[in-house]
Amino acid sequence: MSKLGSNIPVHAENVTFTYSGNPALQNISFTIQEGEFIAILGPNGAGKSTLLKLIAGLIKPDRGVLSVFGMYPWRQKKDVLKLIGYLPQRENIALDLPLTVQQVLTIPLKSIGVRVEEERVEYLLRLVGMFEMRDKTFSELSGGQQQRVLLARTLINEPKLLLLDEPFNGVDIPSQEKIIGLLQELARRGITVIAVVHNVNPLLHEITRVMLLNKRLIAFGRAEEVFTEENILKAYGARIPVVICDEGFAHPLYGDHHG
Ligand SMILES: Nc1ncnc2c1ncn2[C@@H]1O[C@H](COP(=O)(O)OP(=O)(O)O)[C@@H](O)[C@H]1O
Ligand SMILES: [Mg+2]
């Protein structure tokens, strides 16, 4: 493969993935550059989670080429996993584990024989504003606090690529703001961030590009190029007004439309 060991976080060429006869993604091609902050949007069932799973190497494309830092994620899982932090969709995480906040960060890695430095755990818990709560039981935290702890956990191995599947689901506004500030800071440090979100507006001023997905790649580019009436109609099957804010950004106004 030509991009072996490259600094291209994600490169996809005609990637297709099908779950037992139902195509979830068809002919997806794109390249994400180092340090980008990408928002992925699309209606339910658009294949957003599937795309993150492909990048994380949890599933393998049926057709096409997908590389992560020049490696095939499903074939070089271990090497790729060292470079990425993956936060699955909240619905797919067991949140009732009787662990303390601190244990959530240390135990999973101990089990695979990776030693976690105490200072690193402290640093990360401080980073997400959860150090004071390190001895609290994880299941007793609010949704936003849990998500901050899980985000800290994805950062343990100092990933170069962060994959976040709906990181703001069940998260209160103060926690959301805290997480966005943190992602912004990580992106500034050159970490590539890919976040699946339902509402792009809180992130719109921070992201480099938006991907609009509905089984096919509808559009991928700067928000003002992507959020056209035509693209939104293709992705969501509905008309959603777009307003330009004072700073010149194109914001889709979802109203109560959830896609
Ligand atoms: N494990 C699975 N087995 C069968 N079908 C699945 C599975 N996971 C997802 N799908 C289907 O694939 C499509 C894309 O799902 P998903 O990637 O989760 O979409 P999104 O995250 O955009 O809501 C949906 O039609 C969904 O029902
Ligand atoms: Mg999903």
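For any residue, its number in our numbering is found by taking its place in the sequence shown, counting from 1, and adding 527. Every residue gets a Cβ at the ideal spot worked out from N, C-alpha and C, and that includes glycine. Remember, it's a predicted structure, so these values are computed and weren't measured experimentally.
If you drop the 5 nearest sequence neighbours on each side, which residues of the same chain put their C-beta closer than 6 Å to that of residue i?
| i | result |
| --- | --- |
| ALA566 | ALA722, VAL724, VAL727, LEU730, ILE734, VAL737 |
| ASP660 | Here the sequence assigns Met to residue 660, which means Asp is not the residue at that position. Same-chain partners within the cutoff: VAL628. |
| LYS604 | GLY584 |
| VAL607 | GLY584, VAL595, MET598, PRO600 |
| LEU651 | ALA679, LEU682 |
| VAL592 | GLU540 |
| SER529 | Note that SER529 scores a pLDDT of 44, beneath 50, so its modelled location is shaky and nothing firm can be said. |
Going by beta carbon distance, what residues of the same chain come within less than 8 Å of residue i, once the five residues before and after it are set aside?
| i | result |
| --- | --- |
| ARG590 | ASN541, VAL542, THR543 |
| ASP623 | SER666 |
| GLN703 | GLY671, PHE695, PRO729 |
Please classify residue i as buried or exposed, where buried requires at least 16 other C-beta atoms within 10 Å of its C-beta.
| i | result |
| --- | --- |
| ARG766 | exposed |
| SER556 | exposed |
| ASP692 | buried |
| LEU780 | exposed |
| HIS732 | exposed |
| PRO625 | exposed |
| ILE700 | exposed |
| ARG493 | This structure does not reach residue 493, given that the chain is present from 528 up to 786, and the question cannot be answered. |
| VAL641 | exposed |
| SER669 | exposed |
| LEU690 | buried |
| LEU578 | buried |
| LYS587 | exposed |
| TYR546 | exposed |
| LEU760 | exposed |
| ALA746 | buried |
Whose CA, out of the options, lies closest to the CA of residue i?
| i | options | result |
| --- | --- | --- |
| ILE611 | ARG617, PRO625, LYS761, LEU581 | LEU581 |
| ASN534 | VAL655, GLU563, MET657, LEU690 | GLU563 |
| VAL648 | LEU678, LYS609, LEU689 | LEU678 |
| ALA573 | TYR599, GLY671, LEU740 | LEU740 |
| ASN554 | VAL537, TRP601, ARG743, LYS663 | ARG743 |
| PRO686 | SER547, LYS609, ALA777, ALA551 | LYS609 |
| LEU552 | ILE559, LYS575, LYS705, ARG715 | LYS575 |
So is residue i in contact with chain C if we call contact Cβ pairs under 7 Å?
| i | result |
| --- | --- |
| ASN758 | Annotation note: the requested chain C is absent from the structure, which comprises a single protein chain. |
Got a sec? Which residues, its chain only, sit under 7 Å from residue i by beta carbon, not counting five neighbours each side?
| i | result |
| --- | --- |
| PRO570 | ASN741, ALA762, TYR763, GLY786 |
| GLU561 | ASN534, PRO536, GLY717, THR719 |
Please enumerate, following chain order, all residues with a beta carbon closer than 7 Å to at least one heavy atom belonging to ligand 2.
Every residue passing the under-7 Å Cβ criterion appears here: LYS575, SER576, GLN616, ASP692, GLU693, VAL723.
Three or more C-beta pairs below 8 Å linking the region 743-758 and the region 767-781:
Put simply, the region 743-758 touches the region 767-781. At least three CB pairs are less than 8 Å apart.
Does the pairing of the region 706-714 with the region 736-752 give three or more beta-carbon distances under 8 Å?
Cβ pair count under 8 Å is below three, so no.
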